[in-house]
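Colleague:
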Amino acid sequence: MPLINSAFAGNSFSTNAHLETLTPALFRKVLVKYKRERLNLEDGDFMDLDWVQQNNKKLLVMFHGLEGSSESQYMKGFALHFGKQQYDICAVNFRSCSGEHNRLLKSYHNGSTPDIHEVLQHISKTNNYQVINLAGFSLGGNVLLKYLGDGVFNLNPKIKSAVVFSVPIDLAGCTKQLAKFSNKVYMLGFLDSLNHKLKEKAALFPGSLNLSGLSKIKTFTEWDNRFTAPIHGFKDAADYYRQCSSKQFLKNIKIPTLLVNAKNDPFLSKECYLSPEDEISPVLHFESPKCGGHVGFSLNLPNGNYYSEARASHFFEEHA
Numbered sequence: 623m624p625l626i627n628s629a630f631a632g633n634s635f636s637t638n639a640h641l642e643t644l645t646p647a648l649f650r651k652v653l654v655k656y657k658r659e660r661l662n663l664e665d666g667d668f669m670d671l672d673w674v675q676q677n678n679k680k681l682l683v684m685f686h687g688l689e690g691s692s693e694s695q696y697m698k699g700f701a702l703h704f705g706k707q708q709y710d711i712c713a714v715n716f717r718s719c720s721g722e723h724n725r726l727l728k729s730y731h732n733g734s735t736p737d738i739h740e741v742l743q744h745i746s747k748t749n750n751y752q753v754i755n756l757a758g759f760s761l762g763g764n765v766l767l768k769y770l771g772d773g774v775f776n777l778n779p780k781i782k783s784a785v786v787f788s789v790p791i792d793l794a795g796c797t798k799q800l801a802k803f804s805n806k807v808y809m810l811g812f813l814d815s816l817n818h819k820l821k822e823k824a825a826l827f828p829g830s831l832n833l834s835g836l837s838k839i840k841t842f843t844e845w846d847n848r849f850t851a852p853i854h855g856f857k858d859a860a861d862y863y864r865q866c867s868s869k870q871f872l873k874n875i876k877i878p879t880l881l882v883n884a885k886n887d888p889f890l891s892k893e894c895y896l897s898p899e900d901e902i903s904p905v906l907h908f909e910s911p912k913c914g915g916h917v918g919f920s921l922n923l924p925n926g927n928y929y930s931e932a933r934a935s936h937f938f939e940e941h942a
């Protein structure tokens, strides 16, 4: 496993972890015009794929983080950047994340690899790209790493390389990290979004969900024990974290893959940073810059340049 000395020195106006995380999310404005395709899934559900197509030979497929979407600033930033690099773009919305509830009680989670596979199979059947590269952010990065390493699905040979940023590769550790007081603003934001969707799902599926005491849930461990685990077939939150943490699968990855986790990422626990002692694939490259926050990596002002986009471009070119 190559350990990369990062060239990223942080944001020119602030290297505070929370500012690096929140400023792009709140103030970055990227204009991207998508064309939406609804993919009907084998289980009767659907996922919405947002495309930017200009008849290029290369395609970038992207997967967003928890409660994100194709509209997340980092997704649109990558779409704009790689569109200029002669890529077509497919920004994948996980189930329930495209602005419309999915059809089933279940949704998406950190181990939703069958959905990734079905999306990539569909793309291969309906398009003729010469090169497909992949990108994942936070939760989407964890699902993507698991997909690449768990050996459940055969990988399309046109998929050449992958990049992932700010990835919680150890879910149990990150759940504890996010429960800290310093991360309360993020936890409240996630739970507010998840609870809003859950209440609407309960109305769509009467009697299927027990929402008593919902407002008293303050951590992901509590929420995943009550909802994520039973809805998606896991014994409990611990079983969900154990099965879906991507760190255990990194040794099996077969295509060149770049994992970038900033040392000051407020979401990540110490288990999310790799060392030479870890059993990791020789084609997995790990980079841990001192700064960057969580899916931040802005070089200056929020509407300026981003290290993550330039780094991904260089990695794809290097491993073309």
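The sequence shown begins at 623 in the numbering used here and counts up by one. By construction, the Cβ of each residue, glycine as well, lies at the ideal position given by its N, Cα and C atoms.
Extract the residue ranges of the beta strand (DSSP E) inside the region 732-797, only unbroken runs of 3 or more that lie entirely within it.
Modeller: 753-759, 781-787
Colleague: What is the DSSP secondary structure of ASP665, counted as helix, strand or coil?
Modeller: coil
Colleague: Between ILE626 and the ligand PLP, is there a pair consisting of the residue's CB and a ligand heavy atom that are separated by less than 7 angstroms?
Modeller: In terms of ligand content, the structure shown is empty, and the ligand PLP therefore cannot be addressed.
Colleague: Just to check my reading of the structure: HIS941 and THR850 have Cβ atoms closer than 8 angstroms, yes? What is that Cβ distance to the nearest angstrom?
Modeller: HIS941 to THR850, Cβ: 34 angstroms. No contact.
Colleague: Only counting the same chain, and skipping five residues up and downstream in sequence, which positions put a Cβ closer than 7 angstroms to that of LYS768?
Modeller: GLY733, THR735, CYS866, SER868, PHE871
Colleague: Which of the three DSSP states is assigned to HIS907 in this structure?
Modeller: strand
Colleague: When you compare each of ASP792, GLY918, SER636 to PHE759 by their alpha carbons, which one comes out closest?
Modeller: GLY918
Colleague: For LEU682, is the classification buried or exposed, using 16 other Cβ atoms within 10 angstroms of its Cβ as the cut-off for buried?
Modeller: Looking at its Cβ environment, which holds 16 or more other Cβ atoms inside 10 Å, LEU682 is buried.
Colleague: Check this for me: beta carbons of CYS913 and GLY632, under 8 angstroms apart or not?
Modeller: It is a contact, given that the beta carbons lie within the stated cut-off.
Colleague: In whole angstroms, what is the alpha-carbon distance linking ASN677 and LYS823?
Modeller: 39 angstroms
Colleague: For VAL807, write down the residues that DSSP places opposite it in a beta bridge.
Modeller: According to DSSP, residue pairing for VAL807 in a beta bridge does not occur.
Colleague: Give me the residue from LEU813, PHE827, ASP861 with the minimum Cα distance to LYS838.
Modeller: Nearest C-alpha to LYS838: LEU813.
Colleague: Can the beta-carbon of PRO911 be found closer than 8 angstroms to that of MET623?
Modeller: no
Colleague: In whole angstroms, what separates the C-alpha of ASN886 from that of LEU641?
Modeller: 11 angstroms
Colleague: Mind checking PRO646: buried by the 16 CB within 10 Å criterion, or exposed?
Modeller: buried
Colleague: With a floor of 3 residues, list each beta strand (DSSP E) that falls wholly inside the region 623-678, ordered by position along the chain.
Modeller: 657-662, 668-674
Colleague: Under DSSP, the alpha helix (DSSP H) around CYS866 begins and ends at which residues?
Modeller: 859-866 is the extent of the alpha helix (DSSP H) around CYS866.
Colleague: Shorter than 8 angstroms from the beta carbon of PHE649 to some beta carbon of chain C?
Modeller: Protein chain content of the structure displayed is limited to a single chain, and chain C is not contained in it.
Colleague: Tell me whether ASP665 is buried or exposed, calling it buried when 16 or more other Cβ atoms sit within 10 Å of its Cβ.
Modeller: exposed
Colleague: To the nearest angstrom, how far is the alpha carbon of ALA934 from that of VAL785?
Modeller: Those two C-alpha atoms are separated by around 6 angstroms.
Colleague: Use the C-beta contact count for HIS936: other C-beta atoms within 10 angstroms, 16 or more gives buried, fewer gives exposed.
Modeller: exposed
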